[in-house]
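Student: 94 is the number that numbering that gives the first Met the number 0 gives the last residue of the sequence shown; the numbers go up by one with no jumps.
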Amino acid sequence: MSKVNELIDMGEQLEKDRLEKLNTSKYKAYAARMRSFSGVKFQEWTSQSIFFLEEQKPSSLITENLKQKYNNLQDSTSYEFYEYLLGTLKAVKNQ
Numbered sequence: 000m001s002k003v004n005e006l007i008d009m010g011e012q013l014e015k016d017r018l019e020k021l022n023t024s025k026y027k028a029y030a031a032r033m034r035s036f037s038g039v040k041f042q043e044w045t046s047q048s049i050f051f052l053e054e055q056k057p058s059s060l061i062t063e064n065l066k067q068k069y070n071n072l073q074d075s076t077s078y079e080f081y082e083y084l085l086g087t088l089k090a091v092k093n094q
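In structure tokens, the structure reads:
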């Protein structure tokens, strides 16, 4: 499996884990509104993905935008960042 496929799979698994956690939460009504990521797995995935993109597309506008978004990352923006990063990885795969 190529590195980009591995990173895409990791990202998609993060979303599956998030949804599973929401479905088992005793606070379902509140949890359903939660669209954020945090934790070691999220940090590992984002770091590996950014390292990969810096290596593969070092001077790309997308890579620079991604790093800027990462520097401004907060809990309230983590889901948007997740979508942006996963979409970027899928675009690289399809090039």
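Glycine included, each C-beta is placed from N, C-alpha and C at the ideal position.
Please work out which residues of its chain come closer than 7 Å, Cβ to Cβ, to Y78, disregarding the five sequence neighbours upstream and downstream, and give them in chain order.
Tutor: Residue numbering aside, residue 78 sits at position 79 when the sequence shown is read from its first letter. Once the five neighbours on either side are set aside, the close Cβ partners of Y78 are R34, S35, F36.
Student: Alpha carbon to alpha carbon, how far is V91 from T62? Give it in angstroms, no decimals.
Tutor: By one-based count along the sequence shown, residue 62 stands at place 63. By one-based count along the sequence shown, residue 91 stands at place 92. The alpha-carbon atoms of T62 and V91 are separated by roughly 11 Å.
Student: Return the residue from the list R17, N71, S75, W44 that minimises the CA-CA distance to L85.
Tutor: Locating residue 85 in the sequence shown gives position 86, where the first residue counts as 1. Checking every option, the nearest Cα to that of L85 belongs to W44.
Student: For K40, I'd like the list of residues in its chain whose CB is within less than 7 Å of its CB, leaving aside the five on either flank, ordered along the chain.
Tutor: Numbered from its first residue, the sequence shown carries residue 40 at position 41. Cβ neighbours of K40 beyond the five flanking positions: L13.
Student: Is it right to say G38 is buried, meaning 16 or more other beta carbons lie within 10 angstroms of its own, or is it exposed?
Tutor: Position 39 of the sequence shown, counted from the first residue, corresponds to residue 38. The residue in question, G38, is exposed, as its Cβ has fewer than 16 Cβ neighbours within 10 Å.
Student: Could you round the C-beta distance between T87 and L65 to whole angstroms and report it? I think they count as a contact, below 8 Å.
Tutor: Locating residue 87 in the sequence shown gives position 88, counting from the first residue. Locating residue 65 in the sequence shown gives position 66, counting from the first residue. Sure, about 6 Å apart at Cβ, within 8 Å.
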